[in-house]
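**Student:** Below: one structure in structure tokens.
Residue numbers (our numbering): 125 to 456.
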């Protein structure tokens, strides 16, 4: 298939200076089309993006590529149930009505504010998160929040005795042969994110503040990966019978709403419709996203470092939605 309008929209993102460059790919019945445009970095000097195998900070793609897969694997192995109360595993948590399903679908209703969050150490941050409350939105509202997947990571650790990031490496990256993905990448192979004169380029080190503090216990961010490996992951979701981590029935569960009241979330992913065509998608703060159209077995993978040189670059968010809609419209 041709995606002329989508490619023009991506080119315009670069031309307008919204992102330094983009590494993107389309999967469809014709195979995989890969493209590379723009720059790897803009400061302290401009460097063209000429290597399609460079590694990116995945940010919240960690949630679906890593933590979601681990939790579902533990469910399949009978070590966990989606209907389990999270208080069974995190006894400090005071709202036993919140379940593992609520966490994986962002319907936990968890709310609250942690003062000086980025100044806390690991133990202090976990204690503060466990001190938050579940509000009226439980099961009735979707509120996307990192805390849900931080708790999933802590639950996986309680069940297995291993931190979530090593579990992701063992249970997901290894069987999927995602050999370029890790939580401690070679910085020279990474696309940089932020830059300031005092610290220079942030390259090969996770951008997310909570991931910096929690280290291997962070289930919401921290993964570094590249296009080669993300295509392997996406193919494993598009082809349930060939997924080396999960059963075909579990993988098909990604395609359907997994909330109590049809709130538009599957396992980890947002699950919505474009003009009657269901699709699932997930993004990362650093400028990454995946869009999957299950019924057509089509997908788009988009990698950029939109927070380079300065975060947060909110204008990118305004441009992302129409870009995705353009891609979906070309698949109708």
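For glycine and all other residues, C-beta sits at the position ideal for the given N, C-alpha and C.
#1: Please determine, among 421, 253, 229 and 231, the residue with the shortest C-alpha to C-alpha distance to residue 237.
#2: Under the DSSP definition of a beta bridge, which residues are partnered with residue 413?
#3: The beta strand (DSSP E) spanning residue 350 covers which residue range?
#4: Given residue 280, which residues of its chain have a CB within under 6 Å of its CB, disregarding the five upstream and five downstream residues?
#5: Can you tell me which of 328, 257, 353 and 187 puts its alpha carbon nearest to the alpha carbon of residue 298?
#6: State the Cα-Cα distance for the pair residue 453 and residue 419, rounded to the nearest angstrom.
#7: With 16 other CB atoms within 10 Å as the buried threshold, where does residue 425 fall?
#8: Starting from the C-beta of residue 325, find all residues in its chain whose C-beta is less than 6 Å away, skip the five residues before and the five after it, and write them out in chain order.
#9: Spatial neighbours of residue 156 within its chain, please: C-beta separation below 8 Å, excluding the five flanking residues on both sides.
#10: Check each candidate in 276, 170, 394 and 187 and name the one with the smallest Cα separation from residue 217.
#11: Per DSSP, what kind of secondary structure is residue 400 in: helix, strand or coil?
#12: In terms of alpha-carbon separation, which member of 388, 335 and 283 lies closest to residue 201?
#13: Return the chain-ordered list of same chain residues with a C-beta closer than 6 Å to the C-beta of residue 293, the five sequence neighbours on each side being excluded.
#14: Near residue 168, which residues of its chain fall below 8 Å by C-beta distance, leaving aside the five closest residues on each side in sequence?
#15: Does the separation of the CB atoms of residue 327 and residue 314 fall below 8 Å?
#16: What is the DSSP secondary structure of residue 247, reduced to helix, strand or coil?
#17: Give the list of continuous alpha helix (DSSP H) stretches no shorter than 4 residues that lie fully inside the region 311 to 367.
#18: Name the one or two DSSP bridge partners that residue 160 has.
#19: I'd like the list of long-range same chain contacts for residue 271, defined as Cβ closer than 6 Å, with 5 residues on each side in sequence excluded.
#20: Pull up the DSSP beta-bridge partners for residue 179, would you.
#21: Residue 462: buried (16+ other C-beta within 10 angstroms of its C-beta) or exposed?
#22: CB residue 496 to CB residue 390, shorter than 8 Å?
#23: Output the residue ranges of the beta strand (DSSP E) runs that lie fully inside the region 374 to 398 and measure 3 residues or longer, sorted by chain position.
#24: Report the residue from 387, 417 and 307 whose alpha carbon sits nearest the alpha carbon of residue 449.
#25: Check whether the Cβ atoms of residue 144 and residue 385 sit closer than 8 Å, and answer yes or no.
#26: Identify whether residue 139 lies in helix, strand or coil by the three-state DSSP scheme.
#27: Report yes if the CB atom of residue 295 is closer than 8 Å to the CB atom of residue 189, and no otherwise.
#28: Distance, Cα to Cα, residue 139 vs residue 444?
#29: Ordered along the chain, which non-local residues of its own chain (more than five positions away) have a Cβ less than 7 Å from that of residue 163?
#30: Using a 10 Å radius around the Cβ and a threshold of 16 neighbouring Cβ atoms, would you call residue 131 buried or exposed?
**Tutor:** On the basis of the supplied data:
#1: Locating residue 237 in the chain shown gives position 113, where the first residue counts as 1. Ranking the options by Cα distance to residue 237, first place goes to 253.
#2: The count along the chain shown starts at 1 and reaches residue 413 at position 289. Residue 413 pairs with 407 and 426.
#3: Position 226 of the chain shown, counted from the start, is the residue given in the question as residue 350. 348 to 350 is the span of the beta strand (DSSP E), which, as asked, contains residue 350.
#4: For this step, residue 280 is matched to residue 156 along the chain shown. Around residue 280: 194, 288 and 291.
#5: Taking the chain shown and counting its residues from 1, one reaches residue 298 at position 174. Comparing Cα-Cα distances from residue 298 to each of 328, 257, 353 and 187, the minimum goes to 353.
#6: Working through the chain shown from its first residue, we reach residue 453 at position 329. Working through the chain shown from its first residue, we reach residue 419 at position 295. Answer to the nearest angstrom: the Cα atoms are 15 Å apart.
#7: If you number the chain shown from 1, residue 425 lands on position 301. Around the beta-carbon of residue 425, 16 or more other beta-carbon atoms lie within 10 Å, marking it buried.
#8: Translated into the one-based positions of the chain shown, residue 325 becomes position 201. Here the set comprises 316 and 319.
#9: Residue 156 sits at position 32 when you count from the first residue of the chain shown. Hits under 8 Å: 149, 150 and 355.
#10: For this step, residue 217 is matched to residue 93 along the chain shown. Minimum Cα distance to residue 217 is reached at 276.
#11: The residue given as residue 400 occupies position 276 in the chain shown. Coil.
#12: The count along the chain shown starts at 1 and reaches residue 201 at position 77. The shortest Cα separation from residue 201 among 388, 335 and 283 belongs to 283.
#13: For the purposes of this step, residue 293 is taken as residue 169 along the chain shown, with counting starting at 1. Setting aside the 5 residues that flank it on each side, residue 293 has no residue in the same chain whose C-beta is closer than 6 Å to its C-beta.
#14: The count along the chain shown starts at 1 and reaches residue 168 at position 44. Excluding sequence neighbours, residue 168 sits near 319, 324 and 325.
#15: The residue given as residue 327 occupies position 203 in the chain shown. The residue given as residue 314 occupies position 190 in the chain shown. A contact, by the Cβ cut-off of 8 Å.
#16: The residue labelled residue 247 in the question sits at position 123 within the chain shown. Of the three classes helix, strand and coil, the one that applies to residue 247 here is helix, per DSSP.
#17: Listed in chain order, they are 333 to 338 and 351 to 362.
#18: Stepping through the chain shown from its first residue, residue 160 is reached at position 36. Paired residue(s): 147.
#19: For the purposes of this step, residue 271 is identified with residue 147 of the chain shown, where counting begins at 1. Only 234 and 253 meet the Cβ criterion.
#20: Translated into the one-based positions of the chain shown, residue 179 becomes position 55. Residue pairing from DSSP places residue 179 in a beta bridge opposite 314 and 350.
#21: In this structure the chain extends from 125 to 456, so residue 462 is not present and cannot be described.
#22: The chain is shown only over 125 to 456; residue 496 falls outside these bounds and no answer can be derived.
#23: 394 to 398
#24: Taking the chain shown and counting its residues from 1, one reaches residue 449 at position 325. Taking only the C-alpha atoms, the option nearest residue 449 is 417.
#25: Reading the chain shown from its first residue, position 20 is the one you call residue 144. Reading the chain shown from its first residue, position 261 is the one you call residue 385. No, they are not a contact pair.
#26: By 1-based counting over the chain shown, the position of residue 139 is 15. Three-state result, residue 139: helix.
#27: Working through the chain shown from its first residue, we reach residue 295 at position 171. Working through the chain shown from its first residue, we reach residue 189 at position 65. Cβ distance not < 8 Å, so residue 295 and residue 189 don't count as in contact.
#28: One-based indexing of the chain shown puts residue 139 at position 15. One-based indexing of the chain shown puts residue 444 at position 320. Their backbone Cα atoms lie some 15 Å apart in a straight line.
#29: The sequence position of residue 163 within the chain shown is 39, counting from 1. These residues qualify, in order along the chain: 144, 145, 170, 171, 172 and 173.
#30: For this step, residue 131 is matched to residue 7 along the chain shown. For residue 131, the number of other beta carbons within 10 angstroms of its own is at least 16, and it is reported as buried.
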